[in-house]
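The block underneath contains the structure these notes are about, expressed in structure tokens.
Structure below.
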């Protein structure tokens, strides 16, 4: 038995970001220590360190070139005990500050809207529908977003929770989600909940949308028209509900 793991570039970046931040912090600390030992002024050393923290691949080579040009000005530490103490204390203070900020940032980011959406996306790729639904619900607790509501509604519909899916589709529409297929999805939920007259109204609204007016309309337009005709003739045969993205 084999398992195929699928991961997007964005999700891969989210996985390696903590390690990248730590590496940048270590490089920044080393630059600060090195810059002070090579007699860069404090504010210049801190500027090099901060630039390395945020742009390590650009700043580190530039710093090495600048340090090479000043290598003859390296401080003889044995002759300057006060300087030695400051050279040790300054990087330690900087290290504690930078690492603390990184920990706080990563902890807060772990519970951000983007983190929950990324978790939901990964769960969807893995076929974990309940985890996907939970990820969208957690994201909505932090930010009421129409698009997220639509994504949640789609997962709920495919999980068979049609009443809740209908509610979320309607909420997404009221919140301004720009999707011509919302009325179709609402109609399908009404259909499966055995509310054919209300479904027919939504199907009719869908047929007047941009999705059904081009020369080559979406195949759901034919289905919407067929459902209207079935309602009018009172011969509803039912159907399996599959919601498309």
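Numbering (this note's numbering), first residue to last: 3 to 247. Cβ atoms here follow ideal geometry from the backbone N, Cα and C, with glycine treated the same way.
Note to self: Would you call the segment 87-101 in contact with the segment 114-121, where contact means no fewer than 3 C-beta pairs closer than 8 Å?
What the structure shows: no
Next item on the list: Determine whether the Cβ of residue 97 lies closer than 8 Å to any Cβ atom of chain C.
Entry: Judged by its chain identifiers, the structure shown contains no chain C, having just a single protein chain.
Notebook entry, point to check: Are the beta-carbon atoms of residue 93 and residue 34 separated by less than 8 Å?
Noted result: yes
Check: Buried or exposed: where does residue 105 fall if 16 or more other Cβ atoms within 10 Å of its Cβ makes it buried?
Finding: exposed
Margin query: Rounded to the nearest angstrom, what separates residue 55 and residue 41 at their Cα positions?
Written below: 20 Å
Note to self: Short of 6 Å in beta carbon distance, which residues of its chain neighbour residue 205, apart from the five on each side in sequence? Order them along the chain.
What the structure shows: 189, 226, 229, 230
Notebook entry, point to check: Of all the options 184, 23, 37, 232, which has the alpha carbon lying nearest to the alpha carbon of residue 70?
Noted result: 37
Next item on the list: Grab me the residues of residue 96's own chain with a C-beta within less than 6 Å of its C-beta, minus the 5 sequence neighbours each way, in chain order.
Entry: 34
Check: At what residues does the alpha helix (DSSP H) containing residue 133 begin and finish?
Finding: 131-144
Next item on the list: Under 8 Å by Cβ, that's how I've got residue 157 and residue 134 pegged, so tell me the actual separation to the nearest angstrom.
Entry: 5 Å
Item checked: Contact set for residue 207: own chain, Cβ-Cβ below 6 Å, skip 5 residues either direction -> 185
Checklist line | First through last residue of the alpha helix (DSSP H) which encompasses residue 157 | finding: 148-160
Check: Expressed to the nearest angstrom, what Euclidean distance is found between the alpha-carbon atoms of residue 129 and residue 27?
Finding: 36 Å
Checklist line | Helix, strand or coil at residue 109 [DSSP, three-state] | finding: helix
Check: Is DSSP giving residue 210 helix, strand or coil here?
Finding: coil
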